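Enquirer: In this note's numbering, the protein residues as written are 404 to 526.
I'd like to ask you about the structure that follows.
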């Protein structure tokens, strides 16, 4: 309606958090749900995380060979990104917007495919 302010917040650190959750050093409710109710989604997230670690140099875009992995993991990755975005001490940029009254409306998958952002957030 034009009255709502919109902003895009980066989720720097998402990959580190997902890795810690996979290693059992952090807890993710969404990841636990995936493990117990949607193991194929959980496996696709693991595959995406492995691909991010394996291909640290994407030369400005997601490697062609990685696109199917990213596509398979999209739904699960977005669930994890949304959970991460609500952890104020982790998602600092989101926390800043939320402190000003903003709400999370949508999580964009592969919104930024620069090598640095892929390595930090998975895109």
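Beta carbons are placed, not taken as given, at the ideal position from N, Cα and C, and that holds for glycine.
Quantities reported herein were computed from a predicted structural model and do not represent experimental measurements.
Where residue 488 and residue 412 are concerned, what is the direct C-alpha to C-alpha distance, given to the nearest angstrom?
Expert: In the chain shown, counting from the first residue as 1, residue 488 sits at position 85. In the chain shown, counting from the first residue as 1, residue 412 sits at position 9. Near 9 Å, if we compare the C-alpha coordinates of residue 412 and residue 488.
Enquirer: How long is the line joining the alpha carbons of residue 423 and residue 476, rounded to whole angstroms?
Expert: Reading the chain shown from its first residue, position 20 is the one you call residue 423. Reading the chain shown from its first residue, position 73 is the one you call residue 476. So the two alpha carbons sit approximately 18 Å from each other.
Enquirer: What I want to know is whether the C-beta of residue 525 ends up closer than 6 Å to one or more non-hydrogen atoms of the ligand MN.
Expert: You won't find the ligand MN in this model; it holds no ligand whatsoever.
Enquirer: Buried or exposed: where does residue 525 fall if 16 or more other Cβ atoms within 10 Å of its Cβ makes it buried?
Expert: Counting from one through the chain shown, the residue named residue 525 turns up at place 122. By the 10 Å Cβ count, residue 525 comes out buried.
Enquirer: Here's the rule I'm using: 16 or more other beta-carbon atoms within 10 Å means buried, otherwise exposed. How should residue 509 be labelled?
Expert: Translated into the one-based positions of the chain shown, residue 509 becomes position 106. It is exposed - the Cβ of residue 509 has fewer than 16 other Cβ atoms within 10 Å.
Enquirer: Could you say which of 436, 416 and 441 lies nearest to residue 452 if we only look at CA atoms?
Expert: The residue labelled residue 452 in the question sits at position 49 within the chain shown. Taking only the C-alpha atoms, the option nearest residue 452 is 416.
Enquirer: How long is the line joining the alpha carbons of residue 483 and residue 473, rounded to whole angstroms?
Expert: Position 80 of the chain shown holds residue 483. Position 70 of the chain shown holds residue 473. Cα-Cα distance, rounded: 14 Å.
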